[in-house]
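Asker: There's a structure below that I have some questions on.
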Amino acid sequence: MLDFQAIGLSLVAGLGLFLYGMQLMAGGLQKAAGDRMRRLLEVLTSNSLLAVLVGTVTTAIVQSSSATSVMVIGFVNAGLMTLKQAVGVILGANIGTTITTQMVSFKLTHFAPVAIGIGIILLMFGKKRSTKDVGEIFLGFGILFFGMDTMSEAMKPLRTYQPFIDLMASVAQNPLLGVAIATVFTAIIQSSSATTAIVVALASQGLLDFEAALPLILGSNIGTTITALIASINTSLTSRRAAIAHAIFNVGGVVIFMLILKPFSVLAMSTSTIPERQIANAHTIFNIANTLMLVPFITYYVRFIEKIVPEKSKDKVDEGSNINLYLDRMLLSNPSIALGQATREIYRMGEIALDMLNSTEKAFLSDDIKLIKHAYELEQTINQLEREVMDYLVDVSQSSLTEDQSVRLNYLFECVNDIERIGDHTENIAELAENKVDKKLPFSKTAYNELNNMYNEIRTMVEDSLDVLKKHNEPLIKRVGEKEQEIDLLEAQLRKHHIKRLSDGTCHPQSGIVYLDIISNFERIADHANNVCVRSS
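If you use the numbering used here, the sequence shown corresponds to residues 2 to 538, in order.
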């Protein structure tokens, strides 16, 4: 009598260990890769083959085509990737995900204890972050294969259980049933690698012949698209198109290979005499062949997707409804990319603060009330962005970060505060400009020239500090620091000159107060611009 409870618990435990090991190994690989993976995605061009290569490498690192697809949806939703680029990366992701299946098809379970031991030693005694990352990769690798072995052992008793043998036989006789089972199962556990691992485990115990395994492998490629489809809900039109393009591509490929199932089976079986290797090779052949068939026609495929998923009026509203442009929560699973997105949004926040500063200066010189109101509107935008960016950075902080990523996160927190304070001080100047207009306060040509000269220096400082935020630049940091000291001296000098004009009676008293408040706010803006540079060091 079979103990189904023990079999079920062992199978679930093995699957859990497999998924955890895969996640742990992927985490170590991502940390070891650091910003290189983010830069890899950023250098995408319209070259379809390059996009496919990037998708393959990225998925090999994150160990999940679903994770890559969701990441791509996030990039598209943030406007950083075109639909054509996204399709190329997704095609590559399908190839990259076969690497895990290839690994588990080799009987490496006897290496699992050694890998776990090495991983634990490196994690416990490694002093460098990079050493601990390697330890995480080893530990994940070991746990993954330990989980694989647990699943395989759990299925041993089923070799003599006739109802299960009959079920596997029915799958072999009805390939569509196998495709359906694998599709649903993969959609539930959200990992095609786990599905193929179970298929390999069944084959290793002789419970599943190759003809029955093949439809299950094909079905897993359909189920893996469900994650991206769910992630694309309530995103931009292009994001939804990317998810649908992924689903149609995989479903279409499965349909084609189901039509040529017999010759495909013969080809895959000829690659090895070992069932586990045949299954892994079939998975790889399917995804490479499916990708190669579409790569030359990506441009036409994108046009087809755009036609079947047309733009609606609500899409135009939805895509412009968010204040932030780059903060997509689908990218939080990869801290390096999420921090890159946060940097883009903070830079944009700084550009808005600079626009506000320019509008305020023009308003002061021209007495233009419309420009003052525009400055107030920009301040509201900055405040809203501050809240959104802070919330996003808090979410990033919940992830497992490398030492460099933690330092970068703290720096970005401080930058948000400094840019928001620049907005506050600029708002103060806008209020002073409004007071000048309301009370028709007179200003001498000398006062105007002095304020305009100081404004030009401040504007250059803010521009330079934003460049440092985007990319660390030691000469620029030094220049901004020197400029900040010059601003301190200039503020003291202008204050002294103006007090002399007040004592000489050549300046209106209320105008004098406005003048002194403006140069004081300018000086504080310079301090915050310098902070952005100093903290980058």
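From the three backbone atoms N, C-alpha and C, an ideal C-beta is built for every residue, glycine too.
1) Is it true that the CB of residue 380 sits closer than 7 Å to the CB of residue 424?
2) What is the DSSP secondary structure of residue 367, counted as helix, strand or coil?
3) How is the alpha helix (DSSP H) around residue 158 delimited, first residue to last?
4) Please report the residue range of the alpha helix (DSSP H) in which residue 541 lies.
5) Run through DSSP, which three-state label would residue 83 get?
6) What is the rounded straight-line gap between the Cα of residue 451 and the Cα of residue 391?
7) Could you tell me the alpha carbon to alpha carbon distance between residue 415 and residue 238, rounded to whole angstroms?
8) Run through DSSP, which three-state label would residue 502 get?
9) Tell me whether residue 21 sits in a helix, a strand or coil according to DSSP, three-state version.
10) Taking the beta carbon of residue 322 as the centre, do at least 16 other beta carbons fall within 10 Å, making it buried, or is it exposed?
11) Less than 8 Å between C-beta atoms, sequence neighbours within five positions excluded: which residues of the same chain meet that for residue 328?
12) Closer than 8 Å is the cut-off here; do at least three beta carbon pairs connect the segment 429-449 with the segment 473-487?
13) Below 7 Å CB to CB, which residues in the same chain sit around residue 70 once its five sequence neighbours on both sides are set aside?
14) Quick one: measure Cβ to Cβ for residue 465 and residue 481, integer angstroms, because I've assumed they're closer than 8 Å.
15) When the Cα of residue 461 is compared with those of 359, 77 and 114, which residue comes out closest?
16) Can you find at least 3 beta carbon pairs, one from the segment 137-148 and one from the segment 13-27, that sit closer than 8 Å?
17) Can the beta-carbon of residue 286 be found less than 7 Å from the beta-carbon of residue 252?
18) Pull up the distance between the alpha-carbon of residue 167 and that of residue 154, whole angstroms please.
19) Find out if the Cβ-Cβ distance for the pair residue 1, residue 383 is shorter than 7 Å.
20) Which class does residue 398 belong to by DSSP, given the choice of helix, strand or coil?
21) Where do the ends of the alpha helix (DSSP H) carrying residue 125 lie?
22) DSSP on residue 175, reduced to helix/strand/coil?
23) How about residue 60 and residue 98: do their beta carbons lie closer than 7 Å?
24) Classify residue 207 as buried or exposed, calling it buried when 16 or more other Cβ atoms lie within 10 Å of its own Cβ.
25) Is residue 376 closer than 7 Å to residue 357 when the C-beta atoms are compared?
26) Could you pull out every residue in the same chain whose Cβ sits closer than 7 Å to the Cβ of residue 449, ignoring the five residues on either side in sequence?
27) Three-state secondary structure (DSSP) at residue 310?
Answerer: Let's see:
1) Along the sequence shown, read from residue 1 onward, the residue named residue 424 stands at position 423. Along the sequence shown, read from residue 1 onward, the residue named residue 380 stands at position 379. In contact: residue 424 and residue 380 (Cβ atoms closer than 7 Å).
2) On the sequence shown, position 366 is the one that residue 367 refers to. In the structure shown, residue 367 sits in a helix (DSSP, three-state: H, G or I).
3) The residue given as residue 158 occupies position 157 in the sequence shown. Here residue 158 belongs to no alpha helix (DSSP H), and DSSP marks it neither H nor E.
4) With the chain covering 2 to 538 only, the question about residue 541 has no answer from this structure.
5) As a working mapping, residue 83 is identified with position 82 in the sequence shown. In the structure shown, residue 83 sits in coil (DSSP, three-state: anything other than H, G, I, E or B).
6) Taking the first residue of the sequence shown as 1, we reach residue 451 at position 450. Taking the first residue of the sequence shown as 1, we reach residue 391 at position 390. In this structure, the CA atom of residue 451 is about 37 Å from the CA atom of residue 391.
7) Stepping through the sequence shown from its first residue, residue 415 is reached at position 414. Stepping through the sequence shown from its first residue, residue 238 is reached at position 237. Straight-line measurement puts the Cα of residue 238 at about 34 Å from the Cα of residue 415.
8) For this step, residue 502 is matched to residue 501 along the sequence shown. In the structure shown, the three-state DSSP call for residue 502 is helix.
9) Reading the sequence shown from its first residue, position 20 is the one you call residue 21. Taken through DSSP and simplified to helix, strand or coil, residue 21 comes out as helix.
10) Here residue 322 refers to the residue found at position 321 of the sequence shown. Confidence at residue 322 is low in this model, with a pLDDT of 48, below 50, so the placement of that residue is unreliable and no value is reported for it.
11) Your numbering for residue 328 matches position 327 in the sequence shown. Excluding residues within five positions, the ones whose Cβ falls inside 8 Å are 79, 342, 343, 346, 389, 390 and 393.
12) The segment 429-449, when compared against the segment 473-487, does not touch it at the 8 Å Cβ threshold.
13) In the sequence shown, residue 70 corresponds to position 69, counting from 1. If the five residues before and after residue 70 are omitted, its C-beta is found closer than 7 Å to the C-beta atoms of 91, 94, 228, 229 and 247, all from its own chain and listed in chain order.
14) Position 464 of the sequence shown, counted from the start, is the residue given in the question as residue 465. Position 480 of the sequence shown, counted from the start, is the residue given in the question as residue 481. Sure, about 5 Å apart at Cβ, within 8 Å.
15) Locating residue 461 in the sequence shown gives position 460, counting from the first residue. Per the Cα distances, 359.
16) Short answer: they touch.
17) Within the sequence shown, residue 286 is the residue found at index 285, counting from 1. Within the sequence shown, residue 252 is the residue found at index 251, counting from 1. The Cβ-Cβ distance between residue 286 and residue 252 does not fall below 7 Å.
18) In the sequence shown, residue 167 corresponds to position 166, counting from 1. In the sequence shown, residue 154 corresponds to position 153, counting from 1. Distance between the alpha carbons of residue 167 and residue 154: 20 Å.
19) Residue 1 lies beyond the stretch modelled for the chain, which goes from 2 to 538, so this question has no answer here.
20) Counting from one through the sequence shown, the residue named residue 398 turns up at place 397. In the structure shown, residue 398 sits in a helix (DSSP, three-state: H, G or I).
21) On the sequence shown, position 124 is the one that residue 125 refers to. Annotation for residue 125: the continuous alpha helix (DSSP H) segment containing it runs 113-126.
22) Translated into the one-based positions of the sequence shown, residue 175 becomes position 174. The answer is coil: DSSP assigns residue 175 none of H, G, I, E or B.
23) Within the sequence shown, numbered from 1, the residue matching residue 60 stands at position 59. Within the sequence shown, numbered from 1, the residue matching residue 98 stands at position 97. Residue 60 places its beta carbon less than 7 Å from that of residue 98.
24) Numbered from 1 along the sequence shown, position 206 holds the residue referred to as residue 207. By the neighbour-count rule (16 or more Cβ atoms within 10 Å), residue 207 is not buried but exposed.
25) Position 356 of the sequence shown, counting from 1, holds the residue named residue 357. Position 375 of the sequence shown, counting from 1, holds the residue named residue 376. In contact: residue 357 and residue 376 (Cβ atoms closer than 7 Å).
26) On the sequence shown, position 448 is the one that residue 449 refers to. Excluding positions up to five away in sequence, the list reads 366.
27) Position 309 of the sequence shown, counted from the start, is the residue given in the question as residue 310. It is coil, neither helix nor strand.
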